[in-house]
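Please read the structure below before turning to the comments.
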Amino acid sequence: MDKNYHKYQTDATLLLSHLSDKRPEALDYILDHYGKSVYFFSNSILNDAQMSEDVLQDTFIRLWKQNVKFPNIGSLRSYLYQTSKNLCLDNIKYSQVREKHAFAAAEALSENALEEKIIEEEMIGEIYRAVENLPQDSKKIFKLYLEGKSNIEIAEIFSISVNTVKTQKYRAFKILRKKLSRRSFLLLLTGLHF
Amino acid sequence: MNNYDPVDIATLIARMVQGTIRPEEQDALDRWLDSDEANRDMFMRITDPARIRRQFLRHQTYDHSHIRERVSGIIKGQGSRPTVLMRRRRLIAGFSAAAAILLVVTAGWLLNVTDSTQSPENLHDFFPDGKTAILETSDGRRISLDAGEKMSLVTDDVMIRNDSGGLSYDYAKNIAGAPLHKIITPSGGEYSITLSDGTKVWLNCETELSYPSVFGDGDRIVYLAGEAYFEVAKSGSGFEVRTNGIILSVLGTSFNVKAYPDEDHVAATLVSGSVGVSSGGSGQMTKISPGEQAVAYTGEGRIEVSRVDTDDYTGWKDDLLVFNNESMINIARKLSRWYGVEIEIESPVIEVMRFYGVMQKYESISKILDILKETCPIEYEIRTDKVMIKPR
Chain W
1 MDKNYHKYQT DATLLLSHLS DKRPEALDYI LDHYGKSVYF FSNSILNDAQ MSEDVLQDTF
61 IRLWKQNVKF PNIGSLRSYL YQTSKNLCLD NIKYSQVREK HAFAAAEALS ENALEEKIIE
121 EEMIGEIYRA VENLPQDSKK IFKLYLEGKS NIEIAEIFSI SVNTVKTQKY RAFKILRKKL
181 SRRSFLLLLT GLHF
Chain F
195 MNNYDPVDIA TLIARMVQGT IRPEEQDALD RWLDSDEANR DMFMRITDPA RIRRQFLRHQ
255 TYDHSHIRER VSGIIKGQGS RPTVLMRRRR LIAGFSAAAA ILLVVTAGWL LNVTDSTQSP
315 ENLHDFFPDG KTAILETSDG RRISLDAGEK MSLVTDDVMI RNDSGGLSYD YAKNIAGAPL
375 HKIITPSGGE YSITLSDGTK VWLNCETELS YPSVFGDGDR IVYLAGEAYF EVAKSGSGFE
435 VRTNGIILSV LGTSFNVKAY PDEDHVAATL VSGSVGVSSG GSGQMTKISP GEQAVAYTGE
495 GRIEVSRVDT DDYTGWKDDL LVFNNESMIN IARKLSRWYG VEIEIESPVI EVMRFYGVMQ
555 KYESISKILD ILKETCPIEY EIRTDKVMIK PR
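For the protein sequence lines, the chains are W and F, in the order given.
Taking the working numbering, I'd label the letters of the first sequence as residues 1 to 194.
Taking the working numbering, I'd label the letters of the second sequence as residues 195 to 586.
Rendered as structure tokens:
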């Protein structure tokens, strides 16, 4: 893999300038990090895996060919959604998918519904990318879970009690649920004086 | 939704979910939420934990590498669009139990990772258990309650349901002599319950409330040990909270009662309506008005009334820990109940230090103590079985 690939993670300017210089590794990087979001966004509209993969492919071909100058990653991300959205809508217009959507079309393809799909997919994408970008040590722990290691095995590897593993898992999830609740918007006055 | 870039909004929500959002970003997100009811609805939909879990797993299992090959083939001019037949169809793995566990871990781990100051000993951090309690029915059955687990049962002449809003007794006509039920919250737990007359009660941690499954014709009487916030439904009959020899007599009213058995007093804080406080023996009743607090010293018959900021005493119901000029020994007592861990203060000088602060109570105990540390000259150490607070 190209050495720049790792630099892109911390240097968005480099990534964008390499993209406009048409360096393939920049496109690879963008596809690896944002491609899944584009795919799932498209699939939420088209409800068809193969067509969604076509849209994913065509979105990136357009990105490559169109020479758009992006001031930042945010505008690149917006571009990917706008482009894939247009491709999806074209697809619906000109294909048999239309029938699938005969009833739900008006509702599902309203501006608001599409915007919600963008927000949802991009939110998941951001969380997913955060996990992918974790430091090496944390990733190691994660890999162990991926490999199906039990609580006991993980506890042994990290020299902590099984109970600690269990409660950490359970409680952390509860905390996450809390974080999602409406109440969590109550202002956090971290400190001090009223 | 107008005037907002969806990608920016998505970023803010993702950061909030991960706990990495900065205050000014939270403000921006709040503005977006407040600007349109539809935004709020959408927010609730897409941040549903089960939904996030599902979506995340789809991301995890979808392999896009064949698309990368196709794209790089095309841009290098070495290939053309493959036909449908050449395409491999990727199966998106279904949701499995193993995968669910994986995500629980991911979630916990996202949260941990966001804290750059986390040191190895914080593996022994403590968290509250949250919305959990035990219901005891008249036949001695003990039922574990967890908000979010849907459950319903019919017992003792009443239909009882449990869902994310807590436990709820269906409205029932008065029946004389209905048996008592009891709901108990553990350390680190809290719960809310709607009684058969429509009265709503929030129970703080380490609290027990006994009440008839269906109220009778006379006064409605419940028994409390611990802390609870009441919103009493108006009806023809009075409502009484009995606790530690103190009786609170109310009509339609909202008020907080703190009556832990290990404390020498009962504190009733009135938000609205009116409450009469009487000490069991004397029979004399002291009335308080909204914004007032009555502190009745158990065993002494003495009752003191003062004006207070009621939010200080009801904040726990809104997921806050509120300390307003509170001594460290009281803070330690509250934290000990809420995090279910023993707290030892190593110096009497620290015990009497006073502190102001409002914190979110679903943070870990280390987060709370870090904030205390900023204004008090203390250090803390979290061990497997207890928390030590020492002078700095």
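For each residue, glycine too, the CB sits at the ideal point set by N, CA and C.
Predicted model only: the values in this text are computed from it and were never measured.
Of the residues the options, the one placed nearest residue i, counting alpha carbons only
i	options	result
F/Ala370	F/Asp413, F/Ile387, F/Asp333	F/Asp413
W/Asn67	W/Asp54, W/Leu80, W/Leu19	W/Leu19
W/Glu53	F/Arg262, F/Ser346, F/Asp333, F/His459	F/Arg262
F/Tyr365	F/Gly359, F/Asp351, F/His375, F/Ser358	F/Asp351
W/Cys88	W/Ser75, W/Asp58, W/Arg77	W/Asp58
F/Asp319	F/Ser558, F/Ile378, F/Ile337, F/Pro585	F/Ser558
F/Gly189	F/Tyr417, F/Thr447, F/Ile441, F/Gly383	Outside the displayed range of chain F (195 to 586) lies residue 189 of chain F, so it cannot be described from this structure.
F/Arg527	F/Glu434, F/Met582, F/Ile565, F/Ser473	F/Met582
W/Glu122	W/Ser75, W/Leu76, W/Phe41	W/Phe41
W/Glu126	F/Tyr363, F/Ala427, F/Val201	F/Val201
F/Val408	F/Lys376, F/Gly551, F/Leu397	F/Lys376
F/Val211	F/Asp512, F/Ala488, F/Met238	F/Met238
F/Pro373	F/Ser390, F/Ser429, F/Phe517	F/Ser390
F/Trp226	F/Asp199, F/Trp510, F/Glu486	F/Asp199
W/Ser75	W/Asn43, W/Tyr34, W/Ile92	W/Tyr34
F/Ile378	F/Ser362, F/Thr569, F/Ser338	F/Ser338
W/Lys3	W/Ser17, W/Tyr29, W/Leu63, W/Leu16	W/Tyr29
F/Ser472	F/Asp458, F/Asn438, F/Gly485, F/Asp456	F/Asn438
W/Ile45	W/Phe158, W/Gln82, W/Thr10	W/Gln82
F/Ile184	W/Ile124, W/Ser159, W/Ile152	Because chain F in this structure spans residues 195 to 586, residue 184 of chain F falls outside the shown range and cannot be described.
F/Glu457	F/Thr492, F/Glu434, F/Ser466	F/Thr492
W/Val200	F/Glu218, F/Asp257, F/Glu231, F/Lys394	Summary: the structure shown does not reach residue 200 of chain W, with chain W confined to residues 1 through 194, and so no result is reported for it.
Contact list for residue i against chain F, beta-carbon separation under 8 Å
i	result
W/Leu56	His258, Ile261
W/Asn47	Those do not exist, as W/Asn47 stays about 12 Å from chain F at its closest Cβ, beyond 8 Å.
W/Ile118	Pro200, Val201, Ala204
Chain-ordered chain W contacts of residue i [CB-CB under 8 Å]
i	result
F/Ile268	Gln57, Ile61
F/Arg548	Going along chain W, no residue has its Cβ under 8 Å from F/Arg548, so there is no contact; the nearest lies around 12 Å.
F/Arg264	Gln57
F/Ile440	Near F/Ile440 there are no residues of chain W at all, since even the closest Cβ is about 30 Å away, more than 8 Å.
F/His459	Simply none; closest approach about 24 Å.
F/Ile525	Ordered by position in chain W, no residue passes the 8 Å Cβ test against F/Ile525, which lies about 14 Å from the chain.
F/Ile576	The premise fails here: F/Ile576 is roughly 12 Å from chain W at the closest Cβ pair, so nothing lies under 8 Å.
F/Ile537	Within 8 Å Cβ-Cβ: nothing; F/Ile537 doesn't reach chain W, min ~18 Å.
Contact set between residue i and chain F, taken where Cβ atoms lie within less than 9 Å
i	result
W/Ser42	Neighbours of W/Ser42 on chain F: none; closest Cβ ~11 Å, over 9 Å.
W/Glu156	What W/Glu156 touches in chain F: nothing, since even the nearest Cβ is about 14 Å away.
Chain F residues whose Cβ lies nearer than 7 Å to that of residue i
i	result
W/Ser78	Asp199, Val201
W/Glu153	What W/Glu153 touches in chain F: nothing, since even the nearest Cβ is about 13 Å away.
Listed by chain order, chain W residues near residue i by CB distance under 7 Å
i	result
F/Phe250	Ile124, Ile127, Tyr128
Contacts of residue i in chain W (Cβ-Cβ under 9 Å)
i	result
F/Ile240	Glu116, Ile119, Glu120, Met123, Ile124
F/Ile415	Ordered by position in chain W, no residue passes the 9 Å Cβ test against F/Ile415, which lies about 31 Å from the chain.
Any non-hydrogen atom of the ligand COA within 7 Å of residue i CB
i	result
W/Glu25	The model on display carries no ligand, and the ligand COA is accordingly not part of it.
Self-check item: Entirely enclosed beta strand (DSSP E) segments - the segment 499-576 of chain F, minimum 3 residues
Solution: Taking only runs of at least 3 residues, the beta strand (DSSP E) segments lying wholly in the segment 499-576 of chain F are 514-521, 536-539, 548-554, 572-576.
Quiz item: On the three-pair Cβ rule with 8 Å, is the segment 480-491 of chain F touching the segment 499-509 of chain F?
Solution: yes
Practice problem: For the segment 211-227 of chain F and the segment 249-269 of chain F, state whether three or more C-beta atom pairs, one from each stretch, are separated by less than 8 Å. | Solution: no
Quiz item: Residues in the segment 497-511 of chain F with C-beta within 8 Å of chain W's C-beta atoms, listed in sequence order?
Solution: none
Quiz item: When you check each C-beta in the segment 3-37 of chain W against every C-beta of chain F, which residues fall closer than 9 Å?
Solution: Residues are counted here when their Cβ sits less than 9 Å from a Cβ of chain F; for the segment 3-37 of chain W these are Lys22, Pro24, Leu27, Asp28, Leu31, Asp32, Gly35, Lys36, Ser37, given in chain order.
Exercise. Tell me, please, whether the segment 533-543 of chain F touches the segment 401-421 of chain F by the rule of three or more beta-carbon pairs shorter than 8 Å.
Key: no
Quiz item: Is there contact here, the segment 107-122 of chain W with the segment 60-75 of chain W, by at least three beta-carbon pairs under 8 Å?
Solution: With the cut-off at 8 Å, the segment 107-122 of chain W and the segment 60-75 of chain W do not touch.
Quiz item: Are the segment 446-464 of chain F and the segment 513-522 of chain F touching, with three or more C-beta to C-beta distances below 8 Å?
Solution: no
Quiz item: Do the segment 409-428 of chain F and the segment 447-454 of chain F meet, that is, are 3 or more Cβ pairs less than 8 Å apart?
Solution: yes
Quiz prompt | In chain order, each alpha helix (DSSP H) run of at least 4 residues that lies wholly inside the segment 202-268 of chain F | solution = 217-229, 231-240, 243-255
Quiz item: Is the segment 380-397 of chain F touching the segment 321-333 of chain F, taking contact as three or more C-beta pairs under 8 Å?
Solution: yes
Quiz item: Taking any Cβ of chain W, which residues in the segment 208-230 of chain F have a Cβ under 9 Å from it, in chain order?
Solution: Ala208, Arg209, Met210, Val211, Gln212, Gly213, Thr214, Pro217, Gln220, Leu223, Asp224, Leu227
Quiz item: Listed in chain order, which residues of the segment 354-388 of chain F have Cβ atoms closer than 8 Å to some Cβ of chain W?
Solution: none
Practice problem: With 7 Å as the C-beta to C-beta threshold (strictly closer), list the residues of the segment 556-568 of chain F near chain W in chain order. | Solution: Tyr556, Ile565, Glu568
Self-check item: Cβ pair count under 8 Å reaching 3, the segment 42-49 of chain W against the segment 15-29 of chain W
Solution: no
Quiz item: Which runs of the alpha helix (DSSP H) spanning at least 4 residues fall entirely within the segment 18-72 of chain W, listed in chain order?
Solution: 24-46, 49-66
Quiz prompt | beta strand (DSSP E) runs contained entirely in the segment 469-499 of chain F, provided each spans 3 or more residues | solution = 469-473, 479-482, 486-491
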